[in-house]
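Undergrad: In my numbering, the protein residues as written are 41 to 585.
Okay, here's the structure, questions in a sec.
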């Protein structure tokens with residue numbers, strides 16, 4: 041039988057003769073133990089070299105005995121860079137106050153409680169030889185041989201994702217609030233607009249009050265522009281989306297902006313053969329103006345404004361990193377040489393009502409509106425900035441498969457009247473009253489309902505005489521969507537104009553897709569309402585729901 045053995049030989053003399061003495065020891069168990077240890081070491085090395093954690097081992101004198109490759113990958117340090125714990129502490133935590141805090145944790149907790157197997161952990165901001173500062177989940181275990189096993193998990197990306205998720209949730213909540221405020225404010229404006237329209241219908245243009253009424257209408261439009269900003273933020277409310285050349289739109293907006301900004305040097309670098317995008321020109325113009333104004337305000341003594349456009353393709357990984365759908369995009373870069381911003385400001389820059397201006401000098405809605413509009417168009421916006429180094433805004437908008445069409449000019453429409461009967465449904469009393477009066481002055485018969493169930497009963501009993509329904513989208517108890525569905529059951533050919541303080545998004549667009557014939561946003565004037573009514577009533581029956 042073959043077995044591993046250890047042979048010890050010795051020479052000696054006996055009775056004048058030189059002799060050799062041999063001792064044979066069976067070392068089978070020792071060889072097995074050594075093999076087990078080697079296998080264990082190999083397993084540990086394989087595990088240590090393939091784990092996503094950085095691993096280091098300190099001896100009892102706090103000198104490093106081992107780094108795994110991931111440690112060097114995370115921090116950039118090699119064993120030659122870090123002979124002992126003191127050097128590591130100085131390099132990883134260069135701020136003396138922060139280093140002292142770390143040393144107190146390690147020497148005051150880990151080393152004071154040296155019982156084997158106990159895990160001590162802390163999340164630390166750690167400076168790396170490459171990659172700047174990272175957020176590290178640090179764990180330390182004292183082993184039975186008094187060596188220290190240390191692991192380092194890079195959680196920087198995870199923490200950034202946590203922050204982005206919290207920001208997205210906060211923005212969504214604030215957006216819902218902003219949308220509700222805009223909706224209610226538009227209903228208030230509708231009352232003002234409606235009564236102004238009524239008075240203008242009742243007097244001629246030479247009346248001394250006519251100019252005052254025009255001024256009221258102008259102020260209502262200004263208020264509506266403000267709520268449009270809120271809606272743009274809250275819902276990304278797009279109104280007239282069509283294929284657009286962003287180079288042309290940027291240049292047009294820049295012409296408007298630069299007339300009174302002579303102190304800025306503007307540099308253009310427009311991409312050739314830029315892809316077409318499907319956007320609402322008015323809203324993207326608003327985005328550009330806000331970003332131009334932000335850059336101008338960051339350069340009070342003048343400076344340089346750089347504009348660049350380019351086509352860009354995102355694969356699945358690249359798109360997921362910035363919360364986009366993979367595909368083709370047009371990128372707009374707006375860079376200034378202004379004062380820049382600190383990290384705290386940069387992270388809050390898109391929040392509604394956040395402003396760095398003095399009280400009363402700004403609403404804080406500009407960049408929040410920009411954020412909402414870009415998200416509403418399926419795009420993304422990011423900002424890069426450091427204090428004293430200017431700011432760079434990068435806007436990504438999805439490319440379109442459509443081709444550009446020449447814009448057709450719409451002729452001015454005169455006030456149109458009619459004699460049909462209209463069912464007007466709205467839960468806001470002032471809107472109901474003023475719209476009813478406008479409709480009657482336009483010659484229509486009007487039936488009113490202030491709730492969904494009441495409207496359904498009226499339509500069921502009088503549908504033969506009702507030519508058109510004007511339906512408010514947001515009502516308590518029964519929504520406009522539910523009312524429309526019930527009206528369609530009574531008469532599949534019912535003609536409906538949707539009315540809302542919200543924009544044509546979400547439920548309103550869904551109902552349009554299901555057969556509603558038009559949408560009119562509050563506040564609307566008598567002329568706009570008259571035009572929309574005739575547009576629907578004179579539409580051929582084959583186009584109806």
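Built from N, CA and C at the ideal position, the CB exists for glycine as well.
Could you tell me how far apart the beta carbons of residue 318 and residue 366 are, in whole angstroms, since I believe they sit closer than 8 angstroms?
TA: Taking the chain shown and counting its residues from 1, one reaches residue 318 at position 278. Taking the chain shown and counting its residues from 1, one reaches residue 366 at position 326. Wrong, their Cβ atoms sit about 17 angstroms apart, outside the cutoff.
Undergrad: Leaving out five residues before and five after residue 186 in sequence, what residues of the same chain have Cβ atoms less than 7 angstroms from its Cβ?
TA: Taking the first residue of the chain shown as position 1, residue 186 is located at position 146. Excluding positions up to five away in sequence, the list reads 100.
Undergrad: Among 130, 132 and 104, which residue has its Cα nearest to the Cα of residue 120?
TA: Position 80 of the chain shown, counted from the start, is the residue given in the question as residue 120. Ranking the options by Cα distance to residue 120, first place goes to 104.
Undergrad: When the Cα of residue 382 is compared with those of 429, 303 and 234, which residue comes out closest?
TA: One-based indexing of the chain shown puts residue 382 at position 342. The residue with the shortest Cα to Cα distance from residue 382 is 429.
Undergrad: For the beta strand (DSSP E) that contains residue 564, what are its first and last residues?
TA: Taking the first residue of the chain shown as 1, we reach residue 564 at position 524. Run containing residue 564: none; DSSP gives neither H nor E here.
Undergrad: If you reduce the DSSP assignment to three classes, tell me which class residue 118 lands in.
TA: Within the chain shown, numbered from 1, the residue matching residue 118 stands at position 78. In the structure shown, residue 118 sits in coil (DSSP, three-state: anything other than H, G, I, E or B).
Undergrad: For the alpha helix (DSSP H) that contains residue 74, what are its first and last residues?
TA: Numbered from 1 along the chain shown, position 34 holds the residue referred to as residue 74. According to the DSSP assignment, residue 74 belongs to the alpha helix (DSSP H) that extends over 68 to 90.
Undergrad: Given residue 567, which residues of its chain have a CB within under 6 angstroms of its CB, disregarding the five upstream and five downstream residues?
TA: The residue labelled residue 567 in the question sits at position 527 within the chain shown. These residues qualify, in order along the chain: 455.
Undergrad: Just the C-alpha distance for residue 449 and residue 321, rounded to the nearest angstrom, thanks.
TA: As a working mapping, residue 449 is identified with position 409 in the chain shown. As a working mapping, residue 321 is identified with position 281 in the chain shown. In this prediction, residue 449 scores a pLDDT of 36, lower than 50, which makes its location untrustworthy; no coordinate-derived value is stated.
Undergrad: In this structure, does DSSP put residue 111 in helix, strand or coil?
TA: Position 71 of the chain shown, counted from the start, is the residue given in the question as residue 111. Here residue 111 sits in helix by DSSP.
Undergrad: Which parts of the segment 287 to 362 are runs of the alpha helix (DSSP H), unbroken and 4 residues or longer, counting only runs that do not cross its ends?
TA: 321 to 337 and 356 to 361
Undergrad: For residue 577, which residues from the same chain have a beta carbon less than 8 angstroms from its beta carbon, with the 5 sequence-adjacent residues on both sides left out?
TA: Sequence index remark: in the chain shown, residue 577 carries index 537 (1-based). The answer, listed in chain order, is 458, 460, 507, 508 and 535.
Undergrad: Rounded to a whole number of angstroms, what is the C-alpha to C-alpha distance between residue 604 and residue 384?
TA: Missing from the structure shown is residue 604; the chain here goes from 41 to 585 and no further.
Undergrad: With 16 other CB atoms within 10 Å as the buried threshold, where does residue 54 fall?
TA: Position 14 of the chain shown, counted from the start, is the residue given in the question as residue 54. So residue 54 counts as exposed.
Undergrad: What is the residue span of the beta strand (DSSP E) that residue 376 lies within?
TA: Residue numbering aside, residue 376 sits at position 336 when the chain shown is read from its first letter. Run containing residue 376: 367 to 376, per the beta strand (DSSP E) assignment.
Undergrad: Going by DSSP, name the residue or residues bridged to residue 235.
TA: Locating residue 235 in the chain shown gives position 195, counting from the first residue. In DSSP, residue 235 forms no bridge with anything.
Undergrad: Would you tell me roughly how many angstroms separate the C-alpha atoms of residue 49 and residue 131, rounded to the nearest one?
TA: Stepping through the chain shown from its first residue, residue 49 is reached at position 9. Stepping through the chain shown from its first residue, residue 131 is reached at position 91. Straight-line Cα distance between these residues: approximately 56 angstroms.
Undergrad: By the three-class DSSP mapping on this structure, what secondary structure does residue 167 have?
TA: Locating residue 167 in the chain shown gives position 127, counting from the first residue. In the structure shown, residue 167 falls within a strand segment according to DSSP collapsed to helix, strand and coil.
Undergrad: In whole angstroms, what separates the C-alpha of residue 401 from that of residue 144?
TA: Numbered from 1 along the chain shown, position 361 holds the residue referred to as residue 401. Numbered from 1 along the chain shown, position 104 holds the residue referred to as residue 144. Legend: pLDDT at residue 401 = 38, less than 50; position of this residue unreliable, value from coordinates given subsequently. Taking the straight line from one Cα to the other gives about 48 angstroms.
Undergrad: Just to confirm before moving on: does the CB-CB distance between residue 465 and residue 523 stay below 8 angstroms?
TA: The residue labelled residue 465 in the question sits at position 425 within the chain shown. The residue labelled residue 523 in the question sits at position 483 within the chain shown. It is a contact, given that the beta carbons lie within the stated cut-off.
Undergrad: Pairs of beta-carbons, one from the segment 78 to 88 and one from the segment 161 to 181, closer than 8 angstroms: are there three or more?
TA: No, because fewer than three Cβ pairs between the segment 78 to 88 and the segment 161 to 181 fall closer than 8 angstroms, the two stretches do not touch.
Undergrad: Tell me the residue span of the beta strand (DSSP E) that contains residue 94.
TA: Here the question's residue 94 lines up with position 54 in the chain shown. Per DSSP, residue 94 belongs to the beta strand (DSSP E) from 94 to 98.
Undergrad: Could you spell out where the beta strand (DSSP E) holding residue 194 opens and where it closes?
TA: Working through the chain shown from its first residue, we reach residue 194 at position 154. 188 to 194 is the extent of the beta strand (DSSP E) around residue 194.
Undergrad: Out of curiosity, what's the CA-to-CA distance linking residue 557 and residue 207?
TA: Counting from 1 along the chain shown, the entry for residue 557 is found at position 517. Counting from 1 along the chain shown, the entry for residue 207 is found at position 167. Going by the C-alpha atoms only, they are around 38 angstroms apart.
Undergrad: Is DSSP giving residue 580 helix, strand or coil here?
TA: Reading the chain shown from its first residue, position 540 is the one you call residue 580. Coil at residue 580, not helix or strand.
Undergrad: Would you decide whether residue 94 is buried or exposed? Buried here means 16 or more other CB atoms lie within 10 Å of its CB.
TA: Counting from one through the chain shown, the residue named residue 94 turns up at place 54. Residue 94 should be labelled buried.
Undergrad: What residues match up with residue 283 in a beta bridge as DSSP calls it?
TA: What you label residue 283 is simply residue 243 of the chain shown in a count that begins at 1. Looking at the DSSP output, residue 283 shares a beta bridge with 318.
Undergrad: Quick check: the Cα distance between residue 72 and residue 66, rounded to an integer number of angstroms?
TA: Indexing the chain shown from 1 puts residue 72 at position 32. Indexing the chain shown from 1 puts residue 66 at position 26. Looking at the two C-alpha atoms, the distance is approximately 12 angstroms.
Undergrad: Looking at C-alpha atoms only, which residue of 481, 501 and 473 is the closest neighbour of residue 488?
TA: Here residue 488 is taken as the residue at index 448 of the chain shown, counted from 1. Ranking 481, 501 and 473 by Cα distance to residue 488 puts 473 first.
Undergrad: Using a Cβ-Cβ cutoff of less than 6 angstroms, which residues in the same chain neighbour residue 379 once the five nearest sequence positions on both sides are dropped?
TA: Translated into the one-based positions of the chain shown, residue 379 becomes position 339. So the qualifying residues of the chain are 338.
Undergrad: For residue 553, tell me which candidate among 564, 538 and 563 has the shortest Cα-Cα distance.
TA: Sequence index remark: in the chain shown, residue 553 carries index 513 (1-based). Checking every option, the nearest Cα to that of residue 553 belongs to 538.
Undergrad: Beta strand (DSSP E) containing residue 438: first to last residue?
TA: Position 398 of the chain shown, counted from the start, is the residue given in the question as residue 438. Here the beta strand (DSSP E) through residue 438 covers 431 to 438.
Undergrad: Going by alpha carbons, who is nearest to residue 61 out of 370, 70 and 47?
TA: Taking the first residue of the chain shown as position 1, residue 61 is located at position 21. Ranking 370, 70 and 47 by Cα distance to residue 61 puts 47 first.
Undergrad: Identify the continuous alpha helix (DSSP H) that holds residue 486 and give its terminal residues.
TA: Within the chain shown, numbered from 1, the residue matching residue 486 stands at position 446. From DSSP, residue 486 is part of no alpha helix (DSSP H) but of the beta strand (DSSP E) over 485 to 489.
Undergrad: Which full runs of the alpha helix (DSSP H) of 4+ residues lie inside the segment 492 to 580, going along the chain?
TA: 492 to 502, 520 to 530, 547 to 554 and 566 to 577
Undergrad: Which term fits residue 56, buried or exposed, when burial requires 16 or more other beta carbons within 10 angstroms of its beta carbon?
TA: Along the chain shown, one-based indexing puts residue 56 at 16. Residue 56 is exposed by the Cβ-count criterion.
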